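For the sequence shown, the working numbering assigns the number 432 to the last residue and increments by one with no breaks.
C-beta: ideal position from N, C-alpha, C; glycine also.
Here the structure is a predicted model, which is why all the values come from computation and not from measurement.
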Amino acid sequence: MEYTSIQEAMDKGSGKVALRGWVHRERGSNKLKFVILRDSTNKIQCVIDKEAVGEENFSAADKLQIEASLQVFGTIKKEDRAPTGYEVHVTHFDVIGECDKFPIRSDQNREFLDDNRHLTLRTQRMASILKIRSTYFQVREEFFQKKGFFRFDPPILQPSQCEGGSTLFEVKYYNDKTYLSQSWQLYAEAAVYALENIYDAAPTFRAEKSKTSRHLSEFWMVEVECAWKDLHAISELAKEELKYCIKGVLERHEEDLKSLGQDVAKLKKMVSAEWPTIKYRDVLRILKEKKGLDVPFGKDLRTIEEEKVMEEFDTPVVVTHYPVEVMAFYKPRDPEHPDEALCFDMLAPEGYGEIVGGSQRSMDIEDMKKRLEAEGEDCANYEWYFDLRRYGGVPHSGYGVGAERVIAWICKLDSIKDAIPFPRTMLRWKP
Ligand code: 4AD
Ligand code: MG
Numbered sequence: 002m003e004y005t006s007i008q009e010a011m012d013k014g015s016g017k018v019a020l021r022g023w024v025h026r027e028r029g030s031n032k033l034k035f036v037i038l039r040d041s042t043n044k045i046q047c048v049i050d051k052e053a054v055g056e057e058n059f060s061a062a063d064k065l066q067i068e069a070s071l072q073v074f075g076t077i078k079k080e081d082r083a084p085t086g087y088e089v090h091v092t093h094f095d096v097i098g099e100c101d102k103f104p105i106r107s108d109q110n111r112e113f114l115d116d117n118r119h120l121t122l123r124t125q126r127m128a129s130i131l132k133i134r135s136t137y138f139q140v141r142e143e144f145f146q147k148k149g150f151f152r153f154d155p156p157i158l159q160p161s162q163c164e165g166g167s168t169l170f171e172v173k174y175y176n177d178k179t180y181l182s183q184s185w186q187l188y189a190e191a192a193v194y195a196l197e198n199i200y201d202a203a204p205t206f207r208a209e210k211s212k213t214s215r216h217l218s219e220f221w222m223v224e225v226e227c228a229w230k231d232l233h234a235i236s237e238l239a240k241e242e243l244k245y246c247i248k249g250v251l252e253r254h255e256e257d258l259k260s261l262g263q264d265v266a267k268l269k270k271m272v273s274a275e276w277p278t279i280k281y282r283d284v285l286r287i288l289k290e291k292k293g294l295d296v297p298f299g300k301d302l303r304t305i306e307e308e309k310v311m312e313e314f315d316t317p318v319v320v321t322h323y324p325v326e327v328m329a330f331y332k333p334r335d336p337e338h339p340d341e342a343l344c345f346d347m348l349a350p351e352g353y354g355e356i357v358g359g360s361q362r363s364m365d366i367e368d369m370k371k372r373l374e375a376e377g378e379d380c381a382n383y384e385w386y387f388d389l390r391r392y393g394g395v396p397h398s399g400y401g402v403g404a405e406r407v408i409a410w411i412c413k414l415d416s417i418k419d420a421i422p423f424p425r426t427m428l429r430w431k432p
C-alpha cells in the first residue's frame with residue numbers, strides 16, 4: 002500500500018491508509034494507546050488497540066516516546082472527539098526510529114533551545130514559521146515572474162564594501178583577502194544594463210556589533226534593481242511587493258499565523274490600506290511635535306526614534322530624503338535639496354523597524370569619489386562601478402528587503418533569530 006501524507010489521508014476521510022511520521026503525544030493503558038502522529042502536513046490521532054494489533058506489536062507501543070518515528074497502517078474514520086477530527090484505527094505499526102527522552106520541552110530557556118536548534122526546528126511553532134518563510138519566498142518569486150523581471154544571481158565573495166567597511170566579514174582568499182556580500186547592489190547595477198528589471202534572494206553578511214532582536218550576521222536579503230525607475234516608482238514597487246507577499250502568506254497560512262499569536266484580521270486590513278510616504282523632515286517634525294524628541298537634521302534615525310514615530314501609524318511607512326551626510330556613497334543628492342538623498346527606508350509598525358532600504362543610484366562619479374574617500378576607501382577599487390556611468394548610463398534605482406525582518410513582523414516574533422532556521426549573530430554561530 003502507498004503511503005500518503007496525513008492531510009491526504011484526512012482529505013480521503015475513510016478506508017485504508019498508510020502513514021509515516023513522528024509521535025507528537027502518546028497516552029493510554031496496557032490495552033489501548035492513543036498516539037498523535039504528526040508529519041509536515043498535519044496531525045492525526047492513531048488508536049492502537051491490543052486486540053487489533055496483537056500482543057507482540059502492542060508491546061512496542063508500550064515503549065513509544067514522543068518524537069519516535071513510525072509507519073502506521075490502519076483505517077481512517079471521522080471522529081469529532083479526536084483533536085483534528087479524524088482517527089486511524091491501527092492494524093499494524095512499525096517503529097522506524099526510537100526516541101529516548103526527547104530533550105526539548107516548552108519551558109526551557111532561549112539559550113538551551115538555541116543550542117539545540119537542530120531539535121527545536123521540529124516544534125510546531127518553528128514548523129509554522131518555516132512554512133510561512135517558504136511561502137514568502139515562493140510568492141515573491143511569483144510576483145516578479147508575473148511582472149516579467151529576470152532573476153539575477155550576484156557573487157557572494159566581493160572585493161569591496163557597499164554598505165560601510167565596519168560590518169564587512171573578511172575572508173582569506175588564497176594568498177589574498179576578499180569579503181562576504183553585504184548587498185548585491187553594485188553587481189545588480191551592472192546587470193540592469195542587460196536585463197533592465199531584476200530581483201534575487203541571496204545570503205547576506207554583516208558583522209553587526211549590536212546584539213538586538215533585529216540584527217543577524219547572516220540573513221537573506223531579497224533585492225530589486227530597475228533601469229529607468231526613479232525614487233517614487235521604486236518605493237511604490239516595494240509597497241506593491243510587500244503587500245503581494247503578505248497577501249499570499251495570509252491566503253495559505255491563516256492557521257499558522259493564528260497559532261503564532263498574529264491578529265489575522267488586522268494584517269488583512271493592513272494589506273488593503275494605503276501605506277503612506279513621508280519625508281525624513283516630516284519624521285523630525287512628528288518626533289518634535291508629538292513625542293517631544295528634538296532630533297537635529299543630519300542624524301540617522303535610531304531604533305528608538307523609528308519606534309516612536311511608528312506609534313503614529315498602523316501600516317508600514319516609506320520615509321524618503323534622509324540626510325546625504327549619513328547615507329551610503331551611492332545615494333544621490335536631490336538636485337532641489339542637495340543635503341537630502343533620493344533614498345527611502347520602509348518602516349514596519351509595532352516596533353519591527355526598518356524592513357526595506359533603497360534609493361535611486363548616483364550618476365555623479367566625482368561626488369561618489371569624494372564620499373568614498375571620506376569613508377577611507379580606495380576609489381580605484383570602484384573604477385568598474387564608475388564605468389557603469391561612463392558607458393550608456395541610465396537613471397536606475399533599487400532596494401533590499403530584509404527577509405527575516407519581514408518574516409519576524411508577519412509572524413509577530415519576539416526575535417529575528419526565529420525567522421531563520423539556524424541563526425548567526427555576534428554571539429551565536431552554532432550548531
Ligand atoms: O538598508 P540596507 O543596508 O540596504 C542595502 O544594503 C542596499 N544596498 C539595498 C539595495 O538598495 N539593494 O539593507 C536592506 C535591508 C534593511 O532594510 C533590513 O531590512 C535588512 O536589509 N538588514 C538586515 N536584516 C537582518 N540583519 C541585519 N544585520 C540587517 N541589515 C540589514
Ligand atoms: Mg538601511
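Using the Cα positions of V225 and G299, report the straight-line distance between them to the nearest angstrom. Taking the sequence shown and counting its residues from 1, the one referred to as residue 225 is at position 224. Taking the sequence shown and counting its residues from 1, the one referred to as residue 299 is at position 298. Cα-Cα distance, rounded: 27 Å.
Are R215 and F170 closer than 9 Å when you measure CB to CB? If you number the sequence shown from 1, residue 215 lands on position 214. If you number the sequence shown from 1, residue 170 lands on position 169. Not in contact: R215 and F170 (Cβ atoms no closer than 9 Å).
Can you pull every residue whose C-beta falls closer than 7 Å to some heavy atom of the ligand MG, listed in chain order? In chain order, the qualifying residues are D346, E355 and G358.
Opposing strand residues paired with P324 [DSSP bridges]: Position 323 of the sequence shown, counting from 1, holds the residue named residue 324. Residue pairing for P324: DSSP places it in a beta bridge opposite E341.
Exposure of V36, with buried meaning 16 or more beta-carbon neighbours within 10 Å: Position 35 of the sequence shown, counted from the start, is the residue given in the question as residue 36. With 16 or more other Cβ atoms within 10 Å, it is buried.
Could you tell me the alpha carbon to alpha carbon distance between V18 and F151, rounded to whole angstroms? The residue given as residue 18 occupies position 17 in the sequence shown. The residue given as residue 151 occupies position 150 in the sequence shown. Cα to Cα, V18 sits roughly 44 Å from F151.
Less than 8 Å between the CB of A342 and some heavy atom of the ligand 4AD, yes or no? Within the sequence shown, the letter at position 341 stands for residue 342. Distance from the C-beta of A342 to the nearest heavy atom of the ligand 4AD is not below 8 Å.
In this structure, how does DSSP classify H216 when only helix, strand and coil are distinguished? Taking the first residue of the sequence shown as position 1, residue 216 is located at position 215. It is coil, neither helix nor strand.
Please name the residue, chosen from E355, Y323, E326 and L251, that lies closest to K309 on a Cα-to-Cα basis. One-based indexing of the sequence shown puts residue 309 at position 308. Cα-wise, what sits closest to K309 is E355.
Can we count E405 as close to the ligand 4AD, meaning its CB is less than 8 Å from some heavy atom? Counted from its first residue, the sequence shown places residue 405 at position 404. Checking every heavy atom of the ligand 4AD against the Cβ of E405, one is found closer than 8 Å.
I need the boundaries of the beta strand (DSSP E) containing C47, first residue and last residue. For the purposes of this step, residue 47 is taken as residue 46 along the sequence shown, with counting starting at 1. Where C47 is concerned, the enclosing beta strand (DSSP E) stretches over K44 to D50.
So is the beta-carbon of I247 under 8 Å away from any non-hydrogen atom of the ligand 4AD? Within the sequence shown, the letter at position 246 stands for residue 247. No - the ligand 4AD has no heavy atom lying nearer than 8 Å to the Cβ of I247.
Which class does C380 belong to by DSSP, given the choice of helix, strand or coil? Here residue 380 corresponds to residue number 379 of the sequence shown, with the count starting at 1. Three-state result, C380: helix.
Starting from Q361, follow the alpha helix (DSSP H) in both directions and report where the run begins and ends. On the sequence shown, residue 361 is found 360 positions in, with the first residue counted as 1. Residue range G354 to Q361 is occupied by the beta strand (DSSP E) that includes Q361, with no alpha helix (DSSP H) assigned at that position.
Starting from F94, follow its DSSP beta bridges and name the residues at the other end. As a first step, residue 94 is located in the sequence shown; it is residue number 93 there, counting from the start. Its beta-bridge partners are V73.
Count the other C-beta atoms from every protein chain shown that fall within 10 angstroms of the C-beta of N198, then say buried if there are 16 or more, exposed otherwise. The residue given as residue 198 occupies position 197 in the sequence shown. It counts as buried.
Check: C227 C-beta below 8 Å from any heavy atom of the ligand 4AD: In the sequence shown, the residue the question calls residue 227 occupies position 226. Answer for C227: no, Cβ out of range of the ligand 4AD.
A202 to R406 span [Cα, whole Å]: What you label residue 202 is simply residue 201 of the sequence shown in a count that begins at 1. What you label residue 406 is simply residue 405 of the sequence shown in a count that begins at 1. Here the C-alpha atom of A202 lies approximately 14 Å from the C-alpha atom of R406.
Meets three-Cβ-pair contact criterion under 8 Å: the stretch 180-192 and the stretch 238-254: Contact check between the stretch 180-192 and the stretch 238-254: fewer than three CB pairs, one atom from each, fall below 8 Å, which does not count as touching.
Considering only residues of the stretch 166-241, which uninterrupted alpha helix (DSSP H) runs meet the minimum length of 4 residues and lie entirely inside it, listed in chain order? Under the rule that a run must span 4 or more residues, the alpha helix (DSSP H) segments found entirely inside the stretch 166-241 read 186-196.
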